[in-house]
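Data block below; observations after.
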Amino acid sequence: MKPAAFEYIIPESLDHLLQIKAEHGDEAKPLAGGQSLIPAMNFRMARPSLLVDLNRLPELAWLHVKDGELQVGTMTRMAELQHNPTVAAHVPLIAETVPHIAHPQIRNRGSVGGNLAHADPASELPVVAVALGARFRAISASGERWIPAHEFFLGTFTTSLQPQEILLEVTFPTRQDRTGYAFAEVARRHGDYAMAGVVAVVSLNAQGQCDSAQLVYLNAGDSPTPAVTAAAMLIGNSGTPAAITAAAQHASMEEIAPYGNLHASTEFQRHLARHLTQQALKTAFERARAEFLPHP
Amino acid sequence: MSTYFGKRIPRNEDPRLLTGQALFVDDVQLPDLAHVAFYRSPYAHARILSIDVSAALARPGVIGCYTAQDLGDYWSPGPLLVSPPPTIERKIFHQRTQVPLAKDKVRHVGEPVVMVVAESRYIAEDALDDIWVDFEPLGVVVDLEQALQTDAPLIHEDLPSNMGAQVIQEKGNYETAKAQAAVIIARRIVYDRGPSVAMENRGVVAQWDSRTQRLTVWDSTQAPVFIRGGLAAMLGLSESQVRVVAPFIGGGFGPKIMMFYPEEVLLPWLAIRLKRPVKWIEDRQENFYATTQERSQIHHCELALTQDGKILGLRDEFLHDGGAYMPYGLTVPLNSQANSLGGYIIPNYYSEFKAVFTNRTIVTPYRGAGRQHGTFVIERLLDHAARELGIDKAEIRRRNFIQPEQFPFNNEIIFQDFAPLMFDSGNYEPVLDKALEMIEYERFYREIQPQARAEGRKLGLGVVFYIEGTGIGPYEGARVQVEASGKVSVATGIGTQGQGHFTSFAQIVADQVGVRPQDVMMVTGDTDQFHWGAGTFASRGAVVAGNAIHAAAQDVRQKILHHAGEVLEAAPDALEIVAGQVRVQSDPTRSISLGKLAQRANPMRGAVEPGTVPGLESTNYFGPRYGATAFGAHAMIVEVDEATLQLKIHKYVVVHDCGKVINPLILDGQIHGGVAQGIGNAFYEQLHMDENGQLLNASFMDFLIPTALDVPHLEMAHTETPSPLNPLGVKGAGEAGAIPVGALFAQALEDALGLEINEIPISPQKLFELTATAEALA
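Chains as they are written, first to last, in our numbering: chain A, 373 to 668; chain B, 58 to 835.
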């Protein structure tokens, strides 16, 4: 379990980093937190010829709220997302989700950009990004562009990032009035890749009826998997148990496509997804209703 | 006279271990060290047509590549470690043991084919990619039952079938008993295999010193003395030319008693050939294939009982997965046979097993060593019987217990040590009663479970009983010496893998010699220090080595008192040893230190009496007639989330009896560790293998071991029924924690969910399937 030989470079600046990417493309693999890449290299499943270490570029790690968005630099660590009070205040869903991502040691090293760009369909943060409508800022020597979350994740370990690009920043919309969020997952052990998991987001109108809803699943296909029809079934509803049950049933049985794995068959994943959807929607509606109260 | 024996003393070795100062094999750094990696078979079963290592040899930094051909006469199948008991008449056994490097064919994934040595492990692993082996894949046997079908591919083609062994043990007449029974409980029971997952993988460092003509081997083995003898014989060296050191080892659990692993044979050979020290450290991925595993048995068993729940007889026919080779003989299935008797009077018994070759990693004992399986069989059958007969599950056990006055109890079958399975001592009911009291058995069924059910919560209680055969022979030895400093050095042949030997053995010596345990310097597992003994296995360290150390320490005490008597002009029995001083009991001002006595016993000038043996030193040995049988009960209350099928253990109780306890703190640690492994075995750990014999989860990402979050707080109590078989009255405790956990989980989950569970491991997925089946039937 030793990696194959590779070159290693610490770029002097963002520009230098982009030059390297321009020159080497996919062969220059950014080393962010290394929590997925290094094991893959040790198993020799990944054999990049050049590692570009992003850990020494302080300008890549930051977060702040601006223009109604939580803006996060690519090298911000998961632990920062978990513990920074700005995150909890403005995007509570992230603060609720991050503790489910692996373990403290991994969250201390693991980076936001690395996690998202790895595009593991079992990963939590991509699901949050899709559910909230996050945007991704990709940059290369020839310019930059913004990619909406639903266009960023193309499949297992595949994103729309071009070989010369790196992910520089991700922005999440901050919490909205009368909107409730919830994350729920079931893993064999805390911190494992979950057998099933869901993010629910519901917004209510002034009458307390749902006017927008999102249900997005992890480990339910090749990438974060939205259940659009099930979410639409909630529109106009106040979150009655019957409506939640129907949406959960439809999402888990008709819309998601879990593959099954060593720990859970497809049937069990659907069963879990249904249960988690009910739980998450119930919580999301409760929170949305609570949001009628003024913000603290 | 026990100042220290029985006391909760912190461990002498912990400062070294906790500050990273202890020596493990991988800590051995030597000048000019070269590094070894192995090309291992990617196939479970294939013929080797050709091997091309030329590209690997051409890689800069590669020192050499070796195939079976290159080993010449040194290539030989390993020894049979434990022959089948000669005392068992009805048996068949086909000896097929592992080879250092596969020659004509590979029989499991991970079997070593080529050894590469290079300037670094990185280069060695790079070179593995350069090796080309032309394999002709053969049909693969992974399923135990399919292995015995007539059209199954043959793993050892010179045998008529994949059956490696068959043993029948019988007492009374089961069929007669069955005819008289009011009820017959028959089930198919499956207990799957698992790896032991020691924190430290295996490792070997070998160094040949041309000037002293000596070979030193640092080896993560549990049996350094036998490794030394074997290596000397294989390499044509005198035993005195070979030193084997088993330093601190991060967990043994049984697979490290296996010998000879290919790497243990090859590294010393290579060091001599290269005249360079060489190192191989097993990585975690290799460990999943290359370190022996245990389990996989399928039992067809039945229990015949009277209407009031008395056992009339047990019949058990089972298949045992031996893996690709069976170097460890029949120890594991024989333990299963023994433990299927439980602690119960079973007058009629028929047990037949077939040990089967499969294209899987070799099976040798791992903590519990087949005892789990037997325990699972009898405890499950009793649970089903209790339900069918309408008898309380604790009560049915009570009705069948061997009674205190029946010990020593002869089970009339043969145990793994070739001797009749005798239980030396026991008093079972108090242990069960204590467990029931601690788990609040009556209150649970009167209040807690009904109330939980009313709230829609699924709570279940399990309570199971087990025995643990421990402390078997043949023997161990030790040398105890009081040094001129007044401190005491002790050497024993067994290795240490975390059991606390540096403390518990020191306590035994300290009491005899009159020093503090901190003043006793233990050496374990260094053949230059002590070269007799068998090793650390079968929960025998405390029993066998402990009593040998005790015997040697008693001798030294006599020598101390004799010498001191001369100096102090007092009768030896008028003396006492306190805090390193020997003094006259009636006049403590007349005293002499142990250090001075040690110097006096080793004079530098002057004449001594003929026949004088120098020093305050003794070497002594201990070998029990047969093993000491520990026993206990585990009880648990578990809650199952009906939707997610995740568990929460509300309470876990262990009541245990291993005779006299040397150090309760260390004993607690042993039990904790065992229960944690048992929980892993019962609910988390499963090797998923496809039909081609490929392991699908050879990493900790998908092979789940319980973490600190998954192991509950344990409430523990002990009773003490001393063993009459050894002077210290001790019994082993190394495996107790792990043995009954599968049976406990099955019973508690059944109680919670109203299902029937006859297999281990269980998982949420498995519970989901069982629930679906139960719903479909309902």
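Heads up, the beta-carbon is just placed ideally off N, CA and C, and yes, glycines get one too.
Are the Cβ atoms of residue i and residue j separated by less than 8 Å?
i             : j             : result
residue 432/A : residue 701/B : no
residue 562/B : residue 524/B : no
residue 428/A : residue 376/A : no
residue 635/B : residue 617/B : no
residue 817/B : residue 767/B : no
residue 167/B : residue 418/B : yes
residue 458/A : residue 437/A : yes
residue 588/A : residue 597/A : yes
residue 118/B : residue 180/B : yes
residue 499/A : residue 446/A : no
residue 251/B : residue 752/B : no
How would you label residue i, buried or exposed, when you count the other beta carbons within 10 angstroms and need 16 or more for buried?
i             : result
residue 237/B : exposed
residue 76/B  : exposed
residue 518/A : exposed
residue 569/A : buried
residue 468/B : buried
residue 504/B : exposed
residue 123/B : buried
residue 424/B : buried
residue 397/A : exposed
residue 207/B : exposed
residue 345/B : buried
residue 515/B : buried
residue 526/A : exposed
Specify, as a first and last residue, the run of the beta strand (DSSP E) that residue i falls within.
i             : result
residue 170/B : 169–175
residue 553/A : 551–559
residue 322/B : Per DSSP, residue 322/B belongs to no beta strand (DSSP E); it is in the alpha helix (DSSP H), 319–331.
residue 583/B : Residue 583/B -> no beta strand (DSSP E), and no H or E assigned at all.
residue 679/B : 673–679
residue 336/B : 335–338
Please list the terminal residues of the continuous alpha helix (DSSP H) segment that includes residue i.
i             : result
residue 538/B : Not the alpha helix (DSSP H): residue 538/B falls in the beta strand (DSSP E), residues 533–539.
residue 721/B : 721–736
residue 145/B : Residue 145/B -> no alpha helix (DSSP H), and no H or E assigned at all.
residue 507/B : 506–511
residue 450/A : 450–455
residue 388/A : 386–396
residue 754/B : Looking at the DSSP string, residue 754/B is not in any alpha helix (DSSP H), and its letter there is neither H nor E.
residue 179/B : 178–187
residue 111/B : 111–115
residue 653/B : 651–657
residue 425/A : It is not in any alpha helix (DSSP H) - residue 425/A instead sits in the beta strand (DSSP E) that spans 422–425.
For residue i, which residues from the same chain have a beta carbon less than 6 Å from its beta carbon, with the 5 sequence-adjacent residues on both sides left out?
i             : result
residue 724/B : 718, 790
residue 403/A : 423, 425
residue 473/B : 388, 391, 392
residue 422/B : 311, 388, 389
residue 374/B : 357, 409
Can you pull the DSSP bridge partners for residue i?
i             : result
residue 633/B : 640/B
residue 483/A : 449/A
residue 746/B : 752/B
residue 538/A : 511/A
residue 437/B : In the DSSP output, where bridge partners are listed per residue, residue 437/B has none listed.
residue 376/B : 355/B, 411/B
Between which residues of its own chain and residue i is the CB-CB distance below 7 Å, once the five residues before and five after are set aside?
i             : result
residue 494/A : 565, 566, 590, 591
residue 579/B : 547, 558, 559, 562, 563
residue 568/B : 58, 59, 60, 61, 62
residue 577/B : 545, 547, 563, 566, 567
residue 415/A : 373
residue 383/A : 389, 392, 424, 429
residue 533/A : 489, 510, 539
Cβ of residue i within 7 Å of any heavy atom in the ligand ADP?
i             : result
residue 396/B : With respect to small molecules bound, the structure shown includes none, and the ligand ADP cannot be examined in it.
Considering only residues of the same chain and omitting the five flanking positions on each side of residue i, which have a CB-CB separation below 8 Å?
i             : result
residue 796/B : 396, 425, 428, 429, 432, 523, 525, 731, 735
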